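*Asks:* One structure follows; several queries about it will come next.
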Amino acid sequence: MVFPQVEAFRGGENLIRVVGHRGARGVLPENSMIGFDFSLSINVPLLEFDVVLTADDVPVITHNHRLHAPSFRGADGLFLTGEEPKVSSLTFEQIQQFDIGRLDGLSAYGQRFPDQAQLDGVRVPRLMDLLDLVSEPKYGDAYLMLELKSDPDVVHDPLHRGNFVGRVLQEVRAKGLSSRAVLHSFDWKLLEECQRQAPDMPSSYLTQFPDNADDVGEDSSKAICPDLRGRRDEIPNLVKQAGGSLWCPYYADVTAENVAYAKELGLCVAVWTVNQHEEIGRMIDLRVDAIVSDYPGRVQRHLSDLGISWRAGNQ
Ligand code: MG
22 MVFPQVEAFR
32 GGENLIRVVG
42 HRGARGVLPE
52 NSMIGFDFSL
62 SINVPLLEFD
72 VVLTADDVPV
82 ITHNHRLHAP
92 SFRGADGLFL
102 TGEEPKVSSL
112 TFEQIQQFDI
122 GRLDGLSAYG
132 QRFPDQAQLD
142 GVRVPRLMDL
152 LDLVSEPKYG
162 DAYLMLELKS
172 DPDVVHDPLH
182 RGNFVGRVLQ
192 EVRAKGLSSR
202 AVLHSFDWKL
212 LEECQRQAPD
222 MPSSYLTQFP
232 DNADDVGEDS
242 SKAICPDLRG
252 RRDEIPNLVK
262 QAGGSLWCPY
272 YADVTAENVA
282 YAKELGLCVA
292 VWTVNQHEEI
302 GRMIDLRVDA
312 IVSDYPGRVQ
322 RHLSDLGISW
332 RAGNQ
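Take the sequence shown: its letters are residues 22 to 336, numbered as in my numbering.
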């Protein structure tokens with residue numbers, strides 16, 4: 022089955038795609054409408070973002086299962102302290118009380134993104150807010166890498182899984198955007214549920230080897246991703262067998278061999294999260310299909326210098 026949204030992420034002769042990670046986290050607040058809008062406005066129409074359900078079942082765009090203290094400020098303007106509340110324990114309205122426009126420069130996480138603009142009055146968006154944005158006619162060529170974040174506390178609960186996938190699909194379908202989104206996750210069980218509920222939508226399989234260091238200040242994927250130790254060379258085939266259309270490995274895990282093997286199997290290879298110049302260059306050399314980056318402009322610059330396009334047809 023040929024999915025148009027998979028082809029939107031596929032590279033080609035002189036073509037490597039750029040995907041804005043959480044919008045453009047390196048330069049604007051992550052998973053924010055202003056970040057998504059920015060990415061779209063610089064000719065990067067492929068957006069990666071993370072979806073979690075609130076207590077009142079609203080799919081919202083945020084990365085961690087708990088409000089992330091280094092980027093959430095309360096009504097007093099101060100970053101959260103103490104135990105971070107779970108997104109699933111708060112209603113959407115309660116989450117709206119927090120401002121996600123700045124980063125705490127004293128935190129290890131905040132120090133990772135020294136160039137991020139600092140804003141006030143930025144709120145956690147609903148999935149529906151982003152779907153509304155890309156429904157605007159001027160963004161008709163935007164495609165979504167919609168990551169469903171599985172909560173390790175309920176990862177084995179099939180009822181939760183079914184409801185989570187169902188709520189997300191309900192919104193995507195309500196906006197008529199099924200053909201412009203790929204369903205992306207580290208949780209292979211959840212992707213199985215996605216395929217059951219939405220056979221018309223492709224699955225995108227995230228992987229990370231357990232021996233890689235965790236990203237500082239973020240929920241780890243290792244509790245969710247299958248343990249692929251000892252099966253390194255088989256991964257593209259495992260993804261294919263599971264029904265995947267995209268394989269999204271951590272950039273340090275790819276080799277010329279496994280990229281070539283994945284492509285041979287017809288998978289689209291989108292690597293994450295590639296921010297450093299040297300790594301961007303290595304991914305270009307490996308001819309991955311797409312590069313997911315917190316700095317989409319930086320990837321554009323590499324490609325531009327090499328005369329490589331990131332958009333099919335006229336740019
Ligand atoms: Mg993500």
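Heads up, the beta-carbon is just placed ideally off N, CA and C, and yes, glycines get one too. Bear in mind that the values here come from a model prediction, so they are computed numbers and not experimental data.
1) Going along the chain, which residues of its own chain have a beta-carbon closer than 8 angstroms to the beta-carbon of residue 23, five neighbours each way excluded?
2) Would you tell me roughly how many angstroms separate the C-alpha atoms of residue 315 and residue 137, rounded to the nearest one?
3) Are at least three pairs of beta-carbons, each pair with one atom in the region 175-193 and one in the region 229-241, less than 8 angstroms apart?
4) Within 10 angstroms of the Cβ of residue 179, are there 16 or more other Cβ atoms? Answer buried if so, exposed if not.
5) Is there at least one non-hydrogen atom of the ligand MG closer than 7 angstroms to the beta-carbon of residue 69?
6) According to DSSP, is residue 304 part of a helix, a strand, or is it coil?
7) Between which residues of its own chain and residue 172 is the CB-CB distance below 7 angstroms, once the five residues before and five after are set aside?
8) Using the three-state DSSP reduction, which class does residue 34 fall into: helix, strand or coil?
9) State the Cα-Cα distance for the pair residue 147 and residue 170, rounded to the nearest angstrom.
10) Ignoring anything shorter than 4 residues or poking outside the region 180-212, list the alpha helix (DSSP H) runs there in chain order.
11) Please report how far the alpha carbon of residue 72 lies from the alpha carbon of residue 35, in whole angstroms.
12) Which word fits residue 62, buried or exposed, when buried means at least 16 other C-beta atoms lie within 10 angstroms of its C-beta?
13) With burial defined as no fewer than 16 other Cβ atoms inside 10 Å of the residue's Cβ, what is the status of residue 69: buried or exposed?
14) In chain order, which beta strand (DSSP E) runs of at least 3 residues are fully inside the region 95-183?
15) Provide the residue span of the beta strand (DSSP E) that contains residue 28, from first to last.
16) Following a CB-centred definition, is residue 51 positioned closer than 7 angstroms to any heavy atom of the ligand MG?
17) Got a sec? Which residues, its chain only, sit under 8 angstroms from residue 280 by beta carbon, not counting five neighbours each side?
18) Nearest to residue 104 by CA position, among 202, 33, 157, 88, is which residue?
19) Regarding residue 168 and the ligand MG, is the C-beta to nearest heavy atom distance less than 7 angstroms?
20) For residue 294, tell me which candidate among 65, 229, 140, 202 has the shortest Cα-Cα distance.
21) Going by DSSP in three states, residue 325 sits in which element: helix, strand or coil?
22) Contact defined as beta carbons within less than 8 angstroms: I believe residue 96 pairs with residue 67. What is the distance between those atoms, to the nearest angstrom?
23) Who are the near neighbours of residue 351 in its chain, counting only those whose CB is closer than 6 angstroms to its CB and skipping five residues on each side?
24) Just how far apart, CA to CA, sit residue 249 and residue 47?
25) Which one or two residues does DSSP pair with residue 270 in a beta bridge?
26) For a test of the three-state rule: what should DSSP assign to residue 260, helix, strand or coil?
27) With DSSP collapsed to three states, give me the class of residue 275.
*Replies:* In this structure, then:
1) So the list is empty, once near-sequence residues are dropped.
2) Straight-line measurement puts the Cα of residue 137 at about 10 angstroms from the Cα of residue 315.
3) Touching, no.
4) It is exposed - the Cβ of residue 179 has fewer than 16 other Cβ atoms within 10 Å.
5) Yes, the ligand MG has a heavy atom inside 7 angstroms of this Cβ.
6) Residue 304: helix per DSSP, three-state reduction.
7) Correct list, in chain order: 86, 109.
8) In the three-state DSSP reduction, residue 34 falls in the coil class, being neither helix nor strand.
9) CA-to-CA, the gap between residue 147 and residue 170 works out to about 14 angstroms.
10) Secondary structure within the region 180-212: not one fully enclosed alpha helix (DSSP H) run of 4 or more consecutive residues is present.
11) When rounded, the distance between both Cα atoms is 32 angstroms.
12) With fewer than 16 Cβ atoms within 10 Å of its Cβ, residue 62 is classed as exposed.
13) So residue 69 counts as buried.
14) Counting only runs of 3+ residues, the beta strand (DSSP E) found wholly inside the region 95-183 occupies 164-169, in chain order.
15) Residue 28 -> not in any beta strand (DSSP E); alpha helix (DSSP H) instead, spanning 25-28.
16) Checking the 7 angstroms criterion, the Cβ of residue 51 is out of range of every heavy atom belonging to the ligand MG.
17) The beta carbon of residue 280 sits closer than 8 angstroms to those of 290, 307, 308, 309, all from its chain and outside the five residues before and after it, given in chain order.
18) The shortest CA-to-CA distance from residue 104 to any of 202, 33, 157, 88 is the one to 88.
19) Because some heavy atom of the ligand MG lies under 7 angstroms away, the Cβ of residue 168 counts as near it: yes.
20) Closest option to residue 294, Cα to Cα, is 229.
21) Three-state DSSP puts residue 325 in a helix.
22) Contact doesn't hold; Cβ gap of about 35 angstroms is too wide.
23) Lying outside 22 to 336, the shown extent of the chain, residue 351 is not represented and no answer is given.
24) For residue 249 and residue 47, the distance between alpha carbons rounds to 30 angstroms.
25) Within the DSSP secondary-structure output, residue 270 pairs in a beta bridge with 228.
26) Helix at residue 260.
27) In this structure, residue 275 counts as coil in the three-state DSSP scheme.
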